[in-house]
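Position in the sequence shown counted from 1, then plus 369, gives you this note's numbering.
Glycine included, every Cβ here is placed at the ideal spot set by N, Cα and C.
Here the structure is a predicted model, which is why all the values come from computation and not from measurement.
Reviewing the structure listed below.
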Amino acid sequence: MKNEALLEELTQAFGVAGFETEVREIIRREVEPYADEVREDAIGNLIVLKKGVPGPHKKRIMFAAHMDEIGFMVKKILPDGMLQICGMGWNWAGSAYNERVRFRNGTVGVIGCRGWIEDAKNDIGKLFVDIGAKDEKDAKNYVKLGEPCGYIGPYLHMQNDLVCSKSLDNRIGCFQLIEALKENDGSGPNDIYYVFTVQEELGCRGSKPAAEAIQPDIGVAVDITPAHDYPCDLEGSNTLNEGIAIKICDPSVVCDEKIVNAMETCCREKDIPFQFEVIDRGGTDASSMNLSHYGVKVGGIAVATRYPHCQSCVASLRDIEAGIRLCAAFAAHEFEDM
Ligand SMILES: [Zn+2]
């Protein structure tokens with residue numbers, strides 16, 4: 370895939386929710402040569418505008434891809450030098466257990482558990498990070514209270530164009546928007562806001578003020594969605610390598626039918642492989658855009674991902690490529706009936 374090195378670079382950057390600077394600076398570097406306007410708002414969203422040409426059906430379209438990843442934060446430094454942590458976003462204790470994490474200053478550690486991990490259920494409060502410190506005083510030389518840490522998970526190639534990495538949720542979306550912007554030469558009928566949001570994993574926080582500021586006619590979340598094509602705890606219809614998923618509904622949003630139909634039309638016209646998405650767990654920035662200002666029509670584009678919210682997410686390069694093409698086609702779509 371074109372520019373795959375950029376996808377890898379994005380996944381390896383540190384971006385625990387609320388601490389997205391490293392990711393934002395990579396994106397800023399990539400988008401600046403292609404954008405009409407790049408600004409960062411007070412909460413940390415990166416708002417990138419590419420204008421279209423004036424016309425009778427011109428829409429303001431806001432794409433939102435969150436930069437943040439799930440992670441942990443030090444809530445107490447214990448006398449024995451172990452670090453008690455809390456979750457930043459939804460974490461699964463079972464996948465965190467015995468895993469490696471990195472703090473922003475490069476300090477690394479391993480996540481352990483007091484007692485049986487089975488007894489911890491999913492209580493992140495039972496977990497701790499061992500950085501190798503001798504005691505509390507020693508630990509404070511390396512890590513302070515409130516310091517966030519995130520998973521280490523190298524970028525790997527698997528069979529059939531699948532890739533595995535930490536933070537595919539949602540560096541995939543960031544990558545897709547960057548690549549779609551690069552394909553936008555400004556001759557399209559709409560003004561496109563490519564928005565890289567913060568703190569989605571903490572309740573879609575960043576996209577709210579961004580949508581209030583932009584007041585888009587159409588909002589589109591660009592994110593991942595759980596796959597259902599492997600033995601797992603979820604049931605649904607989404608399959609890797611079957612194309613980009615067009616969101617119809619999740620527990621936080623019902624997508625506008627005209628937008629769903631426009632996405633399907635774009636895919637059929639451009640021969641972009643696609644599938645539909647209906648899930649009964651999770652949510653995306655589509656929900657907060659939907660409820661912003663006096664209400665906004667929204668849709669969603671998602672890449673089906675196995676093992677979401679852990680250090681070893683798996684997704685398909687073919688689906689990612691299809692998502693870039695759908696973002697580009699949707700941006701260029703003429704919305705005559707809206
Ligand atoms: Zn996400």
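I need the straight-line Cα distance from residue i to residue j, nearest angstrom please.
i: I583; j: D405; result: 15 Å
i: E401; j: E633; result: 30 Å
i: T608; j: V683; result: 12 Å
i: G475; j: R483; result: 25 Å
i: L418; j: V407; result: 6 Å
i: V574; j: D654; result: First, the residue type needs correcting, since residue 574 is Arg and not Val in the sequence shown. Their backbone Cα atoms lie some 8 Å apart in a straight line.
i: F645; j: I593; result: 13 Å
i: L603; j: L496; result: 25 Å
i: K509; j: I446; result: 8 Å
i: V498; j: A631; result: 47 Å
Is residue i near residue j, with beta carbons less than 9 Å apart?
i: I486; j: C455; result: no
i: G588; j: V672; result: no
i: G668; j: I641; result: no
i: P595; j: R675; result: yes
i: I412; j: P578; result: yes
i: G519; j: F383; result: yes
i: G652; j: V622; result: yes
i: M457; j: R393; result: no
Quick one: what does DSSP say residue i is sitting in, helix, strand or coil?
i: E581; result: helix
i: Q644; result: strand
i: F472; result: strand
i: P402; result: helix
i: G501; result: coil
i: A671; result: strand
i: S621; result: coil
i: T594; result: strand
i: I628; result: helix
If you drop the 5 nearest sequence neighbours on each side, which residues of the same chain put their C-beta closer than 7 Å to that of residue i?
i: Q381; result: Y524
i: C636; result: F643 and L695
i: C679; result: W461 and S464
i: V512; result: V443, L452, F472, T476 and I500
i: E581; result: S661 and H662
i: E368; result: Any answer about residue 368 is impossible in this case: the structure gives the chain only from 370 up to 707.
i: G515; result: M442 and V443
i: E705; result: H426
i: E548; result: N372 and I693
Could you check how far apart the C-beta atoms of residue i and residue j are, in whole angstroms? I think they sit under 8 Å.
i: I648; j: D619; result: 5 Å
i: V385; j: E468; result: With 8 Å as the limit, V385 and E468 do not qualify as a contact, their Cβ atoms being about 14 Å apart.
i: I430; j: D625; result: In fact, because the Cβ distance is near 13 Å, the residues do not count as touching under 8 Å.
i: K420; j: D560; result: 5 Å
Can you give me the Cβ contacts of residue i inside the same chain, cut-off strictly under 6 Å, excluding the 5 residues immediately before and after it?
i: A433; result: V564, T566, S576, A590 and D654
i: G692; result: Q545, I613, I670 and V672
i: S657; result: C573, S576 and K577
i: L531; result: V683 and S685
Sorry if obvious, but does the Cβ on residue i come closer than 8 Å to a heavy atom of ligand 2?
i: E638; result: Ligand 2 is absent from the structure shown, which contains only ligand 1.
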